[in-house]
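I have placed the structure first, in the form of structure tokens, so that the comments after it can refer back to it.
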Amino acid sequence: MYSDPLNKLYLLYLRPMLREVQRTNKAYERNDADPAKLLEDLTLLIKTVCSKVLIPMAKRDPLRQPIYGHLDPKPYLGYKFEKLASTLPAGPEIDFVCQRCVTFTAKLSNELQQRLPSNFKILQGMARLSGSMLASAQGAYHGLDGTFWCSTK
């Protein structure tokens, strides 16, 4: 089992994806986390996960719509995965592993979509008004102060 190259293919695919999921999960475990940043991290994670298996030309919003009908039939599963898969003899086992990886990714994206609050678009708009965002953008809006003092003649 441990020396099986098919299991290594699974692990090579899952490692970078689960690293990103774990990073986002750790952010949610913090007590002093900024809710706007947490929402941004979750939406970025969903978009990243979906982009791995979605057809590039699909006009789908991965945050709102399920991706099951628009999966890439031959997605790029990562350099290490593709490199090891090319050294193995071609057969139905490799195709089965690829299909399982795509299915896992689609299910993961579906689970992550369910974690989004129903009003996440409103929360994204409110995040633009959060104190830390305004403080970081203070210099960017410095030149606009004079535009509000226009004459009313």
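Under my numbering, the first residue of the sequence shown carries the number 37, and numbering increases by one thereafter. Heads up, the beta-carbon is just placed ideally off N, CA and C, and yes, glycines get one too.
For residue i versus residue j, is the C-beta distance shorter than 8 Å?
| i | j | result |
| --- | --- | --- |
| residue 85 | residue 141 | yes |
| residue 90 | residue 108 | yes |
| residue 133 | residue 46 | yes |
| residue 146 | residue 102 | yes |
CA-CA distance, residue i and residue j?
| i | j | result |
| --- | --- | --- |
| residue 129 | residue 112 | 17 Å |
| residue 114 | residue 74 | 27 Å |
| residue 54 | residue 79 | 16 Å |
| residue 104 | residue 139 | 9 Å |
| residue 99 | residue 106 | 14 Å |
| residue 51 | residue 155 | 31 Å |
| residue 58 | residue 69 | 15 Å |
| residue 83 | residue 118 | 22 Å |
| residue 152 | residue 72 | 13 Å |
| residue 149 | residue 97 | 11 Å |
| residue 93 | residue 135 | 20 Å |
| residue 43 | residue 137 | 11 Å |
| residue 228 | residue 87 | Any question about residue 228 goes unanswered here, given that the chain covers just 37 to 189. |
| residue 110 | residue 127 | 15 Å |
| residue 95 | residue 131 | 27 Å |
| residue 125 | residue 116 | 16 Å |
With DSSP as the reference, label residue i as helix, strand or coil.
| i | result |
| --- | --- |
| residue 48 | helix |
| residue 90 | strand |
| residue 78 | helix |
| residue 192 | An answer regarding residue 192 cannot be provided, because it is not within the stretch 37 to 189 covered by the chain. |
| residue 131 | helix |
| residue 126 | coil |
| residue 18 | Since the first residue of the chain shown is 37 and the last is 189, residue 18 is not available in this structure. |
| residue 152 | coil |
| residue 101 | coil |
| residue 96 | coil |
| residue 69 | coil |
| residue 39 | coil |
| residue 115 | helix |
Kindly give me the distance between the Cβ atoms of residue i and residue j, rounded to whole angstroms, as I take these residues to be in contact under 8 Å.
| i | j | result |
| --- | --- | --- |
| residue 120 | residue 48 | 6 Å |
| residue 40 | residue 60 | About 30 Å separates the two Cβ atoms, so there is no contact after all. |
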